[in-house]
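Comments concern the structure below.
Protein chains: 4
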Amino acid sequence: MPRHPDIRQLLIDAALALFAERTYEGTQMPAVAARAGVGVGSIYRHFASKEALGNAAFQDAKRDLRARLIAATAEPAVSTRAQFTQFWSGFTGFASSRPEAFAFLEHQQHDTFLDEDSRALAAELDQMAADFIEHGQRAGAIRDGEPRLLVALALGALAGLLRAIRPATVTDIPPVERDRAEEAIWSLLSASPLSAKDS
Amino acid sequence: MPRHPDIRQLLIDAALALFAERTYEGTQMPAVAARAGVGVGSIYRHFASKEALGNAAFQDAKRDLRARLIAATAEPAVSTRAQFTQFWSGFTGFASSRPEAFAFLEHQQHDTFLDEDSRALAAELDQMAADFIEHGQRAGAIRDGEPRLLVALALGALAGLLRAIRPATVTDIPPVERDRAEEAIWSLLSASPLSAKDS
Amino acid sequence: MPRHPDIRQLLIDAALALFAERTYEGTQMPAVAARAGVGVGSIYRHFASKEALGNAAFQDAKRDLRARLIAATAEPAVSTRAQFTQFWSGFTGFASSRPEAFAFLEHQQHDTFLDEDSRALAAELDQMAADFIEHGQRAGAIRDGEPRLLVALALGALAGLLRAIRPATVTDIPPVERDRAEEAIWSLLSASPLSAKDS
Amino acid sequence: MPRHPDIRQLLIDAALALFAERTYEGTQMPAVAARAGVGVGSIYRHFASKEALGNAAFQDAKRDLRARLIAATAEPAVSTRAQFTQFWSGFTGFASSRPEAFAFLEHQQHDTFLDEDSRALAAELDQMAADFIEHGQRAGAIRDGEPRLLVALALGALAGLLRAIRPATVTDIPPVERDRAEEAIWSLLSASPLSAKDS
DNA sequence: TATGAATGAGGATTCATTCAT
DNA sequence: AATGAATGAATCCTCATTCAT
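See below:
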């Protein structure tokens, strides 16, 4: 049993922060160890390799995000618009409590090192988002179009926003701007304003 | 006298493609040379270092994009909406003719290697986009909000879209989906229809 | 904790030997590592670069020589001739205990890689020798002439001798030849016997 | 036939100068070409390789020195001392007309690249000097001792002198210092002053 | 169990040499 | 014949990984 209760999580957090800042490839194991405040050798008691650490970090972040989205959308929402706000708060909550984790996830199309499990997890989250879109489309609240493309547009916009304000986090944005951003992304998704009554 | 007409551009294109695919840090010089079809040593007759190549590639891409945006917006547009279509076609034209270049640019917040010139060029393009937003806001056509954040949202959405369809390009998307995407991003930006005066 | 007590010194000695044999430029880092019996990577835990290793080796050798000269000349000598013998034994003692170090030092006019500290140390030793000459000249025991040129002549002669017998060392020369060499170099320096007052 | 009457010699001179300044290993072929004012490719029309150029340069220098020594000692000398002056003027004449060549020769114990011919030529010159010493010893004018060691002492002294004054040449030394140096080196060689009458 | 010194394969860069012009 | 752009083997250096302590 590790001396420190959770060296593993310490390492994942350190890795996430560095990967977000300098890329997976641009991050050295000694740097991860230093940031976590442990010796290099200790990393290898917890992860078999850099690749294993990378995947563990990715999955840790994705699972956390998934948990938040599930929690945020647990309560039944009266409208698609309200449901969107649930998603929005799930995403922004995650992005503000673990900004590096969010930043890291937003960059993983460069996923040379991602393994099967990581990819499966990523697909699962994409599916959750696509489901929301499809549901909204059926309700006439979300504009027509390939759900995955709409998801990509919306998440891309959110990622763009967070990248632009870095190193600040969503919570640092003045509330009025934050609400405007939510509204803007909602407009990106919502069906023509005239039919937006339901939303 | 160079044996090949333009090894420099060949190298920049190879670098752009690989950087977009596997990150600047994750790309090895021999891989760049191989993709360009030249010997490793030849890279160094054209660029002083990997860093120099990275910056040259970044600037080449940014300049190309700038040229396209300038060309696309040259003709006076009757409305902000029409002006948006000009920008949209500038961006999508660039993204479809040089998809790797666009993908690469969309990833440079990890810009550990960017030099002064590269940053200045990036700032110039950001300014062009922000100017468009401000102008549209004064015309009452674009929603309120910090222009740079709106730019980030819109470009982020576009980047998300392109990332999602990769390795296909915008031109590969069925026209109906492409128009929906344009419309969606426009909605992201446009002032609420009720307050819209010219759009 | 270092596994080997003094890798740093091991590396300096290996470097000195190889630099003396094949020039600084002609020596590869893997060769230094091999001769020291360590891995290449280990060099870089002790020295930042080849240049740093070169300077460390140079300074190590110069400091050792300085210490020996100081020790050899510590005891007050009754005559300039006796003082010369002190210097001689300092130089030959150093040359025979660390022949490669001596050989290396004798080659550093090709000092493309020497830094400020190395040059300062070299100047200090030159000054010690020049002081001895001037003192001897004032005593009428050493011939007239620019002290630094006389130093150059005498040290050059010693270097020539050691180079000629390599890879043997001074201690390997039959005592009679060694005494003759000492006498010869003394003659190089001493005032003409007729004008010699104390020698 | 080369366009320029003697590109070969131009290259040898350039090589000699650079080798003396930065070591054989530390000198790049393009640098030699640049200094000679020709293209890199042209070197290879005259010399098969860097090694061939190195040996050609070495031999060119040694042959020149040999010619000067033969010329200088052609006229029969009345005494060993007078003969020494002939040698001295041969050496210093060479050293002042081709300082880089002399400097280069003085460094070739680092002769990793010297071939059979170069070594033979070097041995021949050593022999000439040793012959002079032995002859002088038989005449009672030169001190006892292994001739090769005495040669090494005397040439080493001369080399030390020239190294010390670099980049100036012997001709730049004030005549009085030059005569003192000659006298000093002669003292290094000459038999005990009392018997120096013959010299 | 935790460490960090040691390692060597792998990456960036240089440079002797070739060869199309 | 002369050139210098192109090449890739060889060099310096880095960094993921191991292992003695």
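Chains as they are written, first to last, in the numbering used here: chain L, 1 to 199; chain H, 1001 to 1199; chain B, 2001 to 2199; chain A, 3001 to 3199.
Glycine included, C-beta positions come from ideal geometry on N, C-alpha and C.
Note that this is a predicted model, so its numbers are computed, not measured.
Please name the residue in the options whose C-alpha comes closest to that of residue i.
i: A1071 of chain H; options: H:D1060, H:D1144, H:L1149, H:Q1083; result: H:Q1083
i: R2063 of chain B; options: B:M2128, B:T2169, B:V2176, B:E2182; result: B:M2128
i: L1150 of chain H; options: H:I1007, H:E1177, H:I1165, H:A1130; result: H:A1130
i: S97 of chain L; options: L:R180, L:A168, L:E183, L:S192; result: L:A168
i: D117 of chain L; options: L:I133, L:D60, L:A184; result: L:D60
i: Q1108 of chain H; options: L:H46, L:A164, L:S42; result: L:A164
i: V3170 of chain A; options: A:S3192, A:L3114, A:A3095, A:A3184; result: A:A3095
i: R1068 of chain H; options: H:S1089, H:A1048, H:K1050; result: H:S1089
i: G93 of chain L; options: L:S42, L:D172, L:N55; result: L:D172
i: D6 of chain L; options: L:L18, L:M29, L:S42; result: L:S42
i: A1017 of chain H; options: H:P1174, H:R1166, H:Q1137, H:H1135; result: H:R1166
i: L2155 of chain B; options: B:E2106, B:R2008, B:P2030; result: B:E2106
i: T1112 of chain H; options: H:P1175, H:N1055, H:P1030, H:E1134; result: H:N1055
Does the Cβ-Cβ distance between residue i and residue j come in under 9 Å?
i: A230 of chain L; j: L10 of chain L; result: Past the boundaries of the shown model lies residue 230 of chain L; chain L is included only from 1 to 199, so the question cannot be answered.
i: A2015 of chain B; j: L2065 of chain B; result: no
i: A1157 of chain H; j: L188 of chain L; result: yes
i: A2967 of chain A; j: T3085 of chain A; result: Since the first and last residues shown for chain A are 3001 and 3199, residue 2967 of chain A lies out of range.
i: A1057 of chain H; j: I1012 of chain H; result: yes
i: A1141 of chain H; j: A1191 of chain H; result: yes
i: F1132 of chain H; j: F1087 of chain H; result: yes
i: L1277 of chain H; j: L161 of chain L; result: This structure cannot speak to residue 1277 of chain H, because chain H is shown only from 1001 to 1199.
i: D1114 of chain H; j: A1122 of chain H; result: Checking the displayed sequence, the identity of residue 1114 of chain H turns out to be Leu instead of Asp. Yes.
Exposed or buried, residue i, counting other C-beta atoms within 10 Å across all chains shown (16 or more means buried)?
i: W3186 of chain A; result: buried
i: R1180 of chain H; result: buried
i: A120 of chain L; result: exposed
i: G3039 of chain A; result: exposed
i: S2195 of chain B; result: Per-residue confidence for S2195 of chain B stands at a pLDDT of 43, beneath the threshold of 50, marking its modelled position as unreliable; the derived number appears in the next sentence. Classification of S2195 of chain B: exposed, given that the 10 Å Cβ count is below 16.
i: S49 of chain L; result: exposed
i: V3032 of chain A; result: buried
i: R1045 of chain H; result: exposed
i: A184 of chain L; result: buried
Under 8 Å: does the beta carbon of residue i sit that close to some heavy atom of the ligand ZN?
i: L3053 of chain A; result: Among the components of this structure there are no ligands whatsoever, and the ligand ZN is therefore not found.
Meets three-Cβ-pair contact criterion under 8 Å: the segment 2022-2039 of chain B and the segment 3017-3034 of chain A: yes
Please give the ranges of any alpha helix (DSSP H) in the segment 2101-2148 of chain B, keeping only runs that are unbroken, at least 4 residues long and fully inside the region. 2116-2138
Give a yes or no on contact between the segment 1100-1108 of chain H and the segment 1141-1148 of chain H, applying the rule of three or more CB pairs nearer than 8 Å. no
Quick check for students: name the residue ranges of the beta strand (DSSP E) that lie wholly in the segment 3152-3190 of chain A, counting only runs of 3 or more. none
Could you tell me which uninterrupted alpha helix (DSSP H) segments, each at least 4 residues in length, are contained entirely in the segment 1042-1096 of chain H, listed from first to last along the chain? 1050-1072
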